[in-house]
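So the sequence shown is numbered by UniProt numbering: it starts at 1 and just counts up by one. Just so it is clear, CB atoms sit at the ideal spot from N, CA and C, and this is done for glycine as well. Some notes on the structure that comes next.
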Amino acid sequence: MLEMNFEGHGKSKLVARHVVLLLVFTLLFPMLSFSFTPSLVVYYNGTVIAHANKGEFYLVGKNITNLIILNSKYNISNNTVYLYNYSTIEYNAAFPKGIIKVQEPYNLSITILIPSTSDISYVSPAPTSFVERNGLFNFTFYSSNVLILYSLPTTYTTNNNKNNESLNLLVILIIAGLILTNSVLGYVLYLFRKMKSEDKNNKTEIIESTLNDRDLLVLNAINSGANTLSEIIKVTKLPKTTAYRRLKKLVSLGYIQEVRKDGKIYYIAIKKD
């Protein structure tokens with residue numbers, strides 16, 4: 001009788017353990033699903049690997065072959081795949097020569113790999129990262145639309161290789177500059193707006209304390225009787241913007257006075273002792 005009680009107690013512990021494991025799995029499963037991050041990797045030779053969200057996914061390139069879609073039922077129409085679940089997609093495609101273009105219905109991590117001997121002529125948008133690894137340029141973006149234009153050299157000589165290395169170094173530096181620019185742009189804009197809000201009355205240009213030839217030309221025109229902007233432009237033959245800036249400078253330095261009358265602005269010379 002005592003042995004039977006121990007046996008029942010052991011079965012109870014086993015059932016309880018299974019229940020606990022089932023509860024843990026139930027709690028963790030939504031978290032595992034939520035951690036899924038959509039991504040797309042495109043090789044210049046046409047290999048494409050994607051981890052796509054449920055819903056629409058646009059196939060990159062043309063003449064799709066060897067299409068494999070895992071973990072989901074799907075329908076295909078006009079290069080668009082309709083997925084019923086998160087899925088992994090692999091296939092081969094053809095790209096126009098020197099053009100890799102990606103258009104997707106949502107933002108995702110996009111990686112594009114092209115030979116490091118390529119001459120790159122256009123990249124949009126600025127990549128979030130850029131490295132050269134194993135003879136390939138590795139561009140990474142977080143976007144829904146990416147376009148890269150490039151060309152491959154047709155001949156390989158010592159001089160050409162040196163030129164390509166110099167050009168590619170320049171491209172790497174430019175792209176690195178773009179990444180750095182994107183990183184600090186928000187901070188720069190913040191500082192600019194802060195400075196602008198603190199001093200709304202700051203002048204848009206530094207006014208010199210001495211008069212130059214154009215300043216004297218405008219001042220002489222006013223002394224000769226030209227007292228509106230149009231008359232001053234007619235007399236001095238200066239562009240409108242230049243004449244206006246000279247007038248603002250003369251007003252700030254106290255050489256002339258700006259008077260508004262009947263909806264017009266007149267400029268009057270101030271006689272200095």
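Secondary structure of residue i, DSSP reduced to three states
| i | result |
| --- | --- |
| residue 241 | helix |
| residue 350 | Past the edges of the chain, shown from 1 to 273, lies residue 350, and the structure says nothing about it. |
| residue 112 | strand |
| residue 135 | coil |
| residue 263 | coil |
| residue 39 | strand |
| residue 212 | coil |
| residue 236 | helix |
| residue 3 | Confidence in residue 3 is poor, its pLDDT being 43 and thus under 50, which makes the residue's placement unreliable; the coordinate value appears in the next sentence. Helix, per DSSP. |
| residue 154 | coil |
| residue 117 | coil |
According to DSSP, residues forming a beta bridge with residue i
| i | result |
| --- | --- |
| residue 61 | The partner list for residue 61 (beta bridge, DSSP) is empty, contrary to what the question assumes. |
| residue 148 | 100, 123 |
| residue 92 | 47, 65 |
| residue 143 | 108 |
| residue 80 | 58, 77 |
| residue 70 | 88 |
| residue 269 | 256 |
| residue 52 | 87 |
| residue 129 | 140 |
Whole-angstrom distance between residue j and residue i, CA atom to CA atom
| i | j | result |
| --- | --- | --- |
| residue 206 | residue 195 | For residue 206, the predicted structure reports a pLDDT of 49, less than 50, and the residue's modelled location is therefore unreliable. The matter cannot be settled from this model. |
| residue 236 | residue 193 | 37 Å |
| residue 233 | residue 226 | 9 Å |
| residue 228 | residue 105 | 57 Å |
| residue 134 | residue 243 | 60 Å |
| residue 264 | residue 255 | 20 Å |
| residue 38 | residue 77 | 21 Å |
| residue 68 | residue 88 | 8 Å |
| residue 245 | residue 189 | 27 Å |
| residue 140 | residue 179 | 11 Å |
| residue 118 | residue 187 | 34 Å |
| residue 172 | residue 130 | 8 Å |
| residue 126 | residue 72 | 33 Å |
| residue 174 | residue 128 | 13 Å |
| residue 116 | residue 43 | 13 Å |
| residue 63 | residue 239 | 58 Å |
| residue 70 | residue 103 | 22 Å |
| residue 262 | residue 210 | 33 Å |
| residue 191 | residue 181 | 15 Å |
CB-CB length for residue i against residue j, believed under 8 Å
| i | j | result |
| --- | --- | --- |
| residue 112 | residue 143 | Contact flag wrong, Cβ pair sits at about 11 Å. |
| residue 259 | residue 270 | 11 Å between Cβ atoms; not a contact. |
Quick check: the region 114 to 133 against the region 142 to 156, are at least 3 beta-carbon pairs closer than 8 Å? yes
Tell me whether the region 212 to 220 and the region 247 to 267 touch, counting them as touching only if at least three CB pairs, one residue from each stretch, are closer than 8 Å. yes
Could you check whether the region 78 to 93 touches the region 51 to 66, counting it as contact only if at least three pairs of C-beta atoms, one from each stretch, sit closer than 8 Å? These segments touch.
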